[in-house]
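Report on the following structure.
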Amino acid sequence: MSAPSVSRVLRQATRTISRTRNYPSTPRRLPALRHATPAAARCFSAPSMRRAGIMPDTAEPSPSNPEPEAHKVTAPTEINDDEYHELADRYMDHLCEKAEQLQETREEVDVEFSAGVMNIYLPPAGTYVVNKQPPNKQLWLSSPISGPKRYDWVVANESMHHKEGGGAGDWIYLRDGSSLTELLRKECGISMDVDGEAEATKKPGVDAVE
């Protein structure tokens with residue numbers, strides 16, 4: 001082989017080697033994994049929420065120490081006209097007696113009771129008016145501190161655990177469940193309890209509700 005031919009063969013071989021280095025062969029493609037391995041699935045799984053009351057399909061958890069609902073009076077005890085007059089007259093007579101006891105200890109106190117209407121003047125608060133309302137079977141109060149209120153006769157604790165007529169009754173303001181007896185004690189210092197006659201000497205406004 002002549003020298004030119006040898007040179008031409010060497011140049012072609014050099015170019016072939018150069019192209020081989022500049023353009024590498026396409027790498028083999030690995031088949032895609034169709035399913036993750038159990039270990040990988042465990043790594044990417046989120047912990048389930050098991051707290052009650054969090055997920056929509058779970059019930060709201062109950063408190064550890066639930067408080068019993070307070071009994072709220074919504075209706076007066078059914079009484080006939082004769083029962084109303086007996087209950088109202090007894091209460092008014094007892095109130096008049098307690099107010100007169102207070103009057104004996106305080107000269108500025110004045111008590112008037114006539115035809116089912118009682119006026120109790122207690123300075124510096126003013127005059128309290130308590131009167132019967134037979135058409136409604138109520139006792140009405142006008143207070144210089146808390147304003148006007150209408151009280152119905154309500155017997156509490158008459159349930160399956162108590163025999164009929166064995167509950168304690170009082171004149172109750174149905175809007176807030178307060179009693180006339182409690183208001184007289186707080187605002188006037190007059191106790192309607194048999195064992196609480198000593199409280200009748202309290203001055204009005206000492207325990208008044210603001």
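Residue 70 in the UniProt record's numbering is what sits at position 70 of the sequence shown, and the numbering runs on without skipping anything. Even glycine gets a Cβ: it sits at the ideal position worked out from N, Cα and C.
Decide if residue i is buried, meaning its Cβ has at least 16 other Cβ atoms within 10 Å, or exposed.
| i | result |
| --- | --- |
| valine 117 | exposed |
| arginine 185 | buried |
| glutamine 138 | buried |
| glycine 189 | buried |
| glycine 147 | exposed |
Distance, Cα to Cα, residue i vs residue j?
| i | j | result |
| --- | --- | --- |
| isoleucine 145 | glutamate 187 | 8 Å |
| tryptophan 171 | tryptophan 153 | 5 Å |
| valine 155 | threonine 77 | 6 Å |
| alanine 125 | isoleucine 79 | 34 Å |
| serine 142 | serine 179 | 14 Å |
| serine 191 | arginine 150 | 19 Å |
| aspartate 193 | glutamate 182 | 10 Å |
| methionine 160 | glycine 177 | Confidence at methionine 160 is low in this model, with a pLDDT of 35, below 50, so its placement is unreliable and the value that follows should be read with caution. One C-alpha to the other measures close to 22 Å. |
| histidine 94 | tyrosine 173 | 19 Å |
| alanine 99 | tyrosine 128 | 11 Å |
| alanine 115 | glutamine 101 | 21 Å |
| glutamate 97 | arginine 106 | 14 Å |
| glutamine 133 | tryptophan 140 | 7 Å |
Report the option in the options whose CA atom is closest to the CA atom of residue i.
| i | options | result |
| --- | --- | --- |
| arginine 90 | Gly169, Gly177, Tyr173 | Gly169 |
| glutamine 103 | Leu174, Pro123, Glu182 | Pro123 |
| methionine 92 | Asp176, Gly147, Ile120 | Ile120 |
| asparagine 136 | Asp81, Val73, Gln12 | Asp81 |
Tell me the DSSP secondary structure of residue i in three-state form.
| i | result |
| --- | --- |
| threonine 181 | helix |
| alanine 156 | strand |
| aspartate 82 | helix |
| threonine 105 | helix |
| glutamate 192 | A small correction: the amino acid at residue 192 is methionine; glutamate does not occupy that position in the sequence shown. Methionine 192 falls in the coil class under three-state DSSP. |
| alanine 88 | helix |
Q: Would you check if the segment 105-114 and the segment 77-89 touch, i.e. whether three or more CB-CB distances between them fall below 8 Å?
A: No, the segment 77-89 does not touch the segment 105-114.
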